[in-house]
Amino acid sequence: MSLSIVKSVRPGGVVQIAPRGEIDVDTAYEVREAIAEVLAKGRPSRIELNMRLVTFIDSVGISAMVAGFQTCEVSGVKLVVTEPSRFVHRQLWVTGLLGLFGAPEPWFADDTPEVLPGA
1 MSLSIVKSVR
11 PGGVVQIAPR
21 GEIDVDTAYE
31 VREAIAEVLA
41 KGRPSRIELN
51 MRLVTFIDSV
61 GISAMVAGFQ
71 TCEVSGVKLV
81 VTEPSRFVHR
91 QLWVTGLLGL
101 FGAPEPWFAD
111 DTPEVLPGA
């Protein structure tokens, strides 16, 4: 599986980076590069790493996220993780890094309220 990354500017000077796929030894550099590219273009108020569509992340991917966090911190920009998939959430929790990235709640595809017939 490959990795694709979409960047978008949100209200308030927030930049969202949304990887899709697997972040592993072959693709982790793409996450680091996406963060560095955003910082090279300016200083957003915050960078949100939306991890909803990440299906797998290994230790090299986690390391890339930490390196991105440190780069942002040196630049005075806050990096947070938003909507982590259950797998990403678990990996961040197991490694003790969930709090570093803002302690986001996991994103569940089925979080929409169920409408019962006749209700």
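According to UniProt numbering, the residues represented by the sequence shown are 1 to 119, in order. For each residue, glycine too, the CB sits at the ideal point set by N, CA and C. Keep in mind the model is a prediction, meaning the values are calculated, not measured.
query	result
Sequence-distant residues of its chain with Cβ nearer than 8 Å to residue 73 (five each side left out)	79
Per-residue burial, residue 61 [other beta carbons within 10 Å of its own, 16 or more giving buried]	buried
From 24, 15, 52 and 51, residue whose alpha carbon lies closest to that of residue 41	15
Beta-carbon proximity list for residue 112, same chain, < 7 Å, skipping 5 on both sides	Because the pLDDT at residue 112 is just 44, under 50, the model does not fix this residue reliably, and the value given afterwards should be weighed accordingly. So the list is empty, once near-sequence residues are dropped.
Simplified DSSP assignment, three categories, for residue 79	strand
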